[in-house]
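Data block below; observations after.
Protein chains in written order, with the UniProt record's numbering: chain A, 1 to 350; chain B, 1 to 350.
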């Protein structure tokens with residue numbers, strides 16, 4: 001079958017790989033109908049963390065961790081989902097019954113892991129062997145409704161991650177929220193905050209098409225300024241003291257420092273931007289102002305059952321973050337477009 | 001009157017200062033009967049943050065932020081406490097009616113501040129001018145009961161700070177807790193956790209007299225090992241995954257890294273050790289394991305009304321952290337003893 005392979009920095013191609021087969025009785029094979037490219041896929045695409053020294057991958061690496069598809073085959077211990085059912089996969093697999101899954105923290109599952117890691121398929125291909133299929137996959141009862149597919153696919157990662165940021169920052173009915181970052185995760189954070197009843201949502205971002213979508217998702221204010229100026233502007237908008245709930249959706253030193261700068265004393269930052277910083281900055285400021293830093297990698301599997309009805313019934317349309325679609329053969333163009341910020345988020349149709 | 005003055009690194013003396021007088025109608029004058037030395041007083045004592053270049057103070061600096069005493073005089077806008085009443089002061093002053101005080105975050109009071117800062121008396125002296133007296137001071141209804149004085153004094157900072165660590169780490173009935181550090185704050189964190197109903201309390205510390213007191217306060221396990229070895233030992237004691245609730249009561253890079261190492265995925269660290277680190281370490285590990293980092297400077301004023309009855313009725317005895325008492329004239333010996341770890345915490349009797 002065909003799958004996306006990362007050969008080295010900015011060298012991404014579709015190539016032939018062996019068809020996936022069941023290895024464990026808890027596996028399933030899913031034929032992928034919809035996949036996509038994540039902001040975090042751009043890090044290895046740019047060479048970060050690839051290979052041991054020179055930045056080039058030792059051998060071509062499978063990639064992609066968001067997909068929706070049809071169950072083709074199941075191991076003998078998989079009772080659900082069944083062959084022919086449409087499923088969405090969270091961006092990590094998990095057994096669904098360890099102590100962490102019981103707590104809703106499927107990303108820490110003792111039998112879990114990441115797509116594309118050693119011996120595990122990536123999501124940007126024609127099919128995927130899904131370990132722990134019963135714990136991992138979520139059936140989509142309506143089957144495959146094309147109009148909804150893009151939004152259903154966001155449950156895999158980006159919308160669930162935005163929701164995790166909001167939950168980690170304790171967003172609730174009537175909240176005042178600041179979202180740092182206007183990437184697909186930031187926009188999803190706006191939508192998730194609005195869904196949870198936030199009254200005031202300030203997005204910090206400077207790309208008008210993106211902040212326009214943020215407004216459609218429920219943002220009430222846009223702050224294009226960055227750094228000290230941006231912090232000052234947000235404080236002006238929030239009565240001088242900042243917002244009690246801040247979603248950090250970028251993952252850099254600067255964005256985290258901005259998050260600390262705009263959060264109200266005693267407030268919480270939900271950080272979901274994959275960290276490119278080694279240490280959390282502004283430690284003393286956060287301490288003396290009693291700022292809580294929460295969040296992390298989103299346990300999407302835990303959130304999908306809660307978010308799914310709102311997507312199925314059209315109350316939220318997180319799939320609007322996709323502004324480009326490519327066939328699997330053109331996946332390299334999708335990466336290029338996201339890397340060059342020409343596209344916000346790219347759908348891949350194998 | 002006499003007050004403690006810090007002249008330079010390890011040069012601390014009692015000297016004559018002007019008697020405090022009412023400056024604002026919201027002030028009170030408190031005659032200090034009991035004060036004490038805080039671990040955080042040792043930083044300026046050692047020269048950290050003192051003066052602009054050479055570590056020596058530009059002019060002698062007032063010091064001390066924990067005290068209990070008798071109201072001697074009140075400004076015209078102070079209805080309570082009244083002259084002659086015994087009061088305890090939290091380690092920051094606050095107006096009690098701004099939006100932060102309303103939220104219980106008195107350390108962020110818009111009219112608040114620290115003892116010993118510009119134009120504000122330190123607590124280690126014969127008397128103190130208390131700004132915002134009505135918002136700041138807490139009346140001790142029983143008057144001054146000498147047997148209870150030491151424990152009542154801990155409400156000012158150390159016991160309230162241990163309580164804040166436990167609250168910030170979400171300790172509750174039945175919790176498994178790890179306390180990093182066996183200083184007076186760590187021991188107070190043990191006591192506060194036990195008071196909140198924690199079932200298992202592991203203290204990380206290697207000073208037997210201190211860990212013995214920790215056991216008396218409710219610690220169930222003592223881990224003397226540090227670093228990777230200490231983390232390993234705590235994980236063994238907590239089913240392999242660490243504890244959901246960790247109190248960081250030291251404030252160094254190493255202690256915070258240890259806290260991240262011993263916290264269970266999805267758990268919370270309540271940090272109250274005044275940070276000597278610029279940035280919070282182990283950022284990526286905390287992110288991928290969804291560790292929440294909470295806490296900060298403790299809003300003691302918010303906690304005193306809740307903690308006071310248990311102290312007054314003898315259900316907790318936080319004053320056991322004092323293992324040395326000095327008269328005001330011997331305050332330098334108290335600093336020396338704490339600096340050399342000869343004493344855990346020193347009571348000062350003006």
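All residues carry an ideal CB built from backbone N, CA and C; glycine is no exception. Remember, it's a predicted structure, so these values are computed and weren't measured experimentally.
Review point. What does residue 278(B) touch in chain A if you count any residue whose Cβ is under 7 Å from its own?
Key: Within the second chain, the letter at position 278 stands for residue 278(B). Those within 7 Å of residue 278(B) in chain A are 283.
Exercise for review: Under 8 Å between beta-carbons, which chain B residues line up against residue 275(A)? List them in chain order, please.
Suggested key: Taking the first residue of the first chain as 1, we reach residue 275(A) at position 275. 283, 284, 287, listed in chain order.
Exercise for review: Tell me residue 360(A)'s beta-bridge partners as DSSP assigns them.
Suggested key: Nothing about residue 360(A) can be reported from this structure: the residues present for chain A run from 1 to 350 only.
Check your understanding: Interface residues of chain B around residue 294(A) at Cβ under 7 Å?
Key -> Taking the first chain and counting its residues from 1, the one referred to as residue 294(A) is at position 294. Within 7 Å Cβ-Cβ: 292.
Point to revise | Alpha-carbon to alpha-carbon, residue 10(B) and residue 57(B) | key: Within the second chain, numbered from 1, the residue matching residue 57(B) stands at position 57. Within the second chain, numbered from 1, the residue matching residue 10(B) stands at position 10. Any reading at residue 57(B) needs caution, since the residue's pLDDT is 48, under 50, leaving its predicted position unreliable; the model's value is listed next. One C-alpha to the other measures close to 11 Å.
Practice item. Could you check what DSSP says for residue 53(A) in three-state terms: helix, strand or coil? Key: Mapped onto the first chain, residue 53(A) falls at position 53. Because residue 53(A) sits at a pLDDT of 49, beneath the cut-off of 50, its placement in the model cannot be relied upon, and the point is left open.
Review point. Would you call the segment 325 to 337 of chain A and the segment 193 to 202 of chain A touching, i.e. three or more CB-CB distances under 8 Å?
Key: no
Review point. Using a Cβ-Cβ cut-off of 8 Å (strictly less than) and excluding sequence neighbours within five positions of residue 80(A), which residues of its own chain qualify?
Key: The residue you call residue 80(A) lines up with position 80 of the first chain. Closer than 8 Å at Cβ, skipping near neighbours: 134, 139.
Practice item. Report the residue from 59(A), 76(A), 36(A), 47(A) whose alpha carbon sits nearest the alpha carbon of residue 22(A). Key: Along the first chain, one-based indexing puts residue 22(A) at 22. The shortest C-alpha separation from residue 22(A) is found at 76(A).
**Study point:** Close Cβ partners of residue 98(B) (< 7 Å) along its chain, the five nearest in sequence each way excluded
**Key:** Taking the first residue of the second chain as position 1, residue 98(B) is located at position 98. Within the same chain, residue 98(B) has close Cβ partners 109, 110, 111.
Review point. Among 19(B), 46(B), 3(B), which one has its Cα closest to the Cα of residue 34(B)?
Key: Taking the second chain and counting its residues from 1, the one referred to as residue 34(B) is at position 34. The shortest Cα separation from residue 34(B) among 19(B), 46(B), 3(B) belongs to 3(B).
Check your understanding: What residue range is occupied by the uninterrupted beta strand (DSSP E) comprising residue 73(A)?
Key -> On the first chain, position 73 is the one that residue 73(A) refers to. Looking at the DSSP string, the run of the beta strand (DSSP E) that includes residue 73(A) is 67 to 74.
Review point. Since residue 187(A) contacts residue 214(A) with CB under 8 Å, what's their CB separation in whole angstroms?
Key: The sequence position of residue 187(A) within the first chain is 187, counting from 1. The sequence position of residue 214(A) within the first chain is 214, counting from 1. Confirmed, about 5 Å.
Practice item. Measure from the alpha carbon of residue 275(B) to the alpha carbon of each residue in 87(B), 220(B), 296(B), 148(B), then state which is nearest. Key: On the second chain, residue 275(B) is found 275 positions in, with the first residue counted as 1. For the residues 87(B), 220(B), 296(B), 148(B), the minimum Cα distance to residue 275(B) belongs to 296(B).
**Study point:** Contact between the segment 60 to 72 of chain A and the segment 259 to 277 of chain A (3+ Cβ pairs under 8 Å)
**Key:** no
Review point. By the criterion of Cβ-Cβ separation under 8 Å, what are the contact partners of residue 113(B) in chain A?
Key: Locating residue 113(B) in the second chain gives position 113, where the first residue counts as 1. Correct list: empty, because the minimum Cβ distance to chain A is about 12 Å.
Exercise for review: Please work out which residues of its chain come closer than 7 Å, Cβ to Cβ, to residue 53(A), disregarding the five sequence neighbours upstream and downstream, and give them in chain order.
Suggested key: The residue given as residue 53(A) occupies position 53 in the first chain. Only weak support exists for where residue 53(A) lies, its pLDDT of 49 falling under 50; the value from the coordinates is given anyway. Answer for residue 53(A): no residue qualifies.
Practice item. Since I believe residue 331(B) is in contact with residue 29(B) (beta carbons under 8 Å), could you give me their beta-carbon distance rounded to a whole number of angstroms? Key: Within the second chain, numbered from 1, the residue matching residue 29(B) stands at position 29. Within the second chain, numbered from 1, the residue matching residue 331(B) stands at position 331. At roughly 21 Å, the Cβ-Cβ gap does not stay under 8 Å, so residue 29(B) and residue 331(B) are not in contact.
Check your understanding: Beta-carbon of residue 179(B) versus every beta-carbon of chain A: anything under 7 Å?
Key -> Translated into the one-based positions of the second chain, residue 179(B) becomes position 179. No, no contact with chain A.
Review point. With 16 other CB atoms within 10 Å as the buried threshold, where does residue 15(A) fall?
Key: Residue mapping note: residue 15(A) aligns to position 15 of the first chain, counting from 1. With fewer than 16 Cβ atoms within 10 Å of its Cβ, residue 15(A) is classed as exposed.
Exercise for review: Report the rounded CA-to-CA distance for residue 340(B) versus residue 254(B), giving the unit in angstroms.
Suggested key: To locate residue 340(B), count along the second chain from 1; it is residue 340. To locate residue 254(B), count along the second chain from 1; it is residue 254. Taking the straight line from one Cα to the other gives about 21 Å.
Check your understanding: Between residue 294(B) and residue 268(B), is the Cβ-Cβ spacing less than 7 Å?
Key -> The sequence position of residue 294(B) within the second chain is 294, counting from 1. The sequence position of residue 268(B) within the second chain is 268, counting from 1. For residue 294(B) and residue 268(B), yes; Cβs fall inside 7 Å.
Review point. Under a three-way DSSP split, which group does residue 93(A) fall into?
Key: The count along the first chain starts at 1 and reaches residue 93(A) at position 93. Residue 93(A): strand per DSSP, three-state reduction.
Point to revise | Neighbourhood of residue 45(A) by C-beta distance below 7 Å, restricted to the same chain and skipping five residues each side | key: Working through the first chain from its first residue, we reach residue 45(A) at position 45. Within the same chain, residue 45(A) has close Cβ partners 6, 10, 12, 335, 339.
Check your understanding: Taking Cβ positions only, does residue 40(B) come closer than 7 Å to chain A?
Key -> Taking the second chain and counting its residues from 1, one reaches residue 40(B) at position 40. Taking Cβ atoms only, chain A never reaches closer than 7 Å to residue 40(B), which makes this a no.
**Study point:** Backbone CA spacing between residue 18(A) and residue 161(A) [nearest angstrom]
**Key:** Locating residue 18(A) in the first chain gives position 18, where the first residue counts as 1. Locating residue 161(A) in the first chain gives position 161, where the first residue counts as 1. Residue 18(A) and residue 161(A): Cα-Cα distance of roughly 31 Å.
Exercise for review: Please decide whether residue 355(B) counts as near chain A, where near means a Cβ-Cβ distance under 7 Å.
Suggested key: With chain B covering 1 to 350 only, the question about residue 355(B) has no answer from this structure.
Practice item. Find out if the Cβ-Cβ distance for the pair residue 100(B), residue 156(B) is shorter than 7 Å. Key: One-based indexing of the second chain puts residue 100(B) at position 100. One-based indexing of the second chain puts residue 156(B) at position 156. No. Outside cutoff.
Check your understanding: Going along chain B, which residues have a C-beta under 9 Å from residue 76(A)?
Key -> On the first chain, position 76 is the one that residue 76(A) refers to. Correct list: empty, because the minimum Cβ distance to chain B is about 30 Å.
Practice item. Figure out for me which residue from 87(A), 320(A), 24(A) has the closest Cα to the Cα of residue 120(A). Key: Here residue 120(A) corresponds to residue number 120 of the first chain, with the count starting at 1. Closest option to residue 120(A), Cα to Cα, is 24(A).
Check your understanding: Along chain D, in chain order, which residues have C-beta atoms closer than 8 Å to that of residue 271(A)?
Key -> The structure shown contains no chain D; the protein chains it does contain are A and B.
**Study point:** Reduced DSSP category for residue 270(A) - H, G, I as helix; E, B as strand; rest coil
**Key:** Here residue 270(A) corresponds to residue number 270 of the first chain, with the count starting at 1. Residue 270(A) falls in the strand class under three-state DSSP.
Check your understanding: Just checking my contact of residue 154(B) with residue 318(B) at CB under 8 Å: how many whole Å lie between their CB atoms?
Key -> Taking the first residue of the second chain as 1, we reach residue 154(B) at position 154. Taking the first residue of the second chain as 1, we reach residue 318(B) at position 318. The Cβ separation is near 4 Å, so the contact holds.
Practice item. For residue 128(A), I'd like the list of residues in its chain whose CB is within less than 8 Å of its CB, leaving aside the five on either flank, ordered along the chain. Key: Numbered from 1 along the first chain, position 128 holds the residue referred to as residue 128(A). Hits under 8 Å: 20, 29, 30, 32, 67, 69, 89, 115, 121, 122.
Exercise for review: Compute the distance between the beta-carbons of residue 223(A) and residue 184(A), then report whether it is under 7 Å.
Suggested key: On the first chain, position 223 is the one that residue 223(A) refers to. On the first chain, position 184 is the one that residue 184(A) refers to. No, the Cβ-Cβ distance between residue 223(A) and residue 184(A) is not below 7 Å.
Exercise for review: Could you please give me the residues that DSSP links to residue 221(A) through a beta bridge?
Suggested key: Position 221 of the first chain, counted from the first residue, corresponds to residue 221(A). 202(A), per the DSSP bridge assignment.
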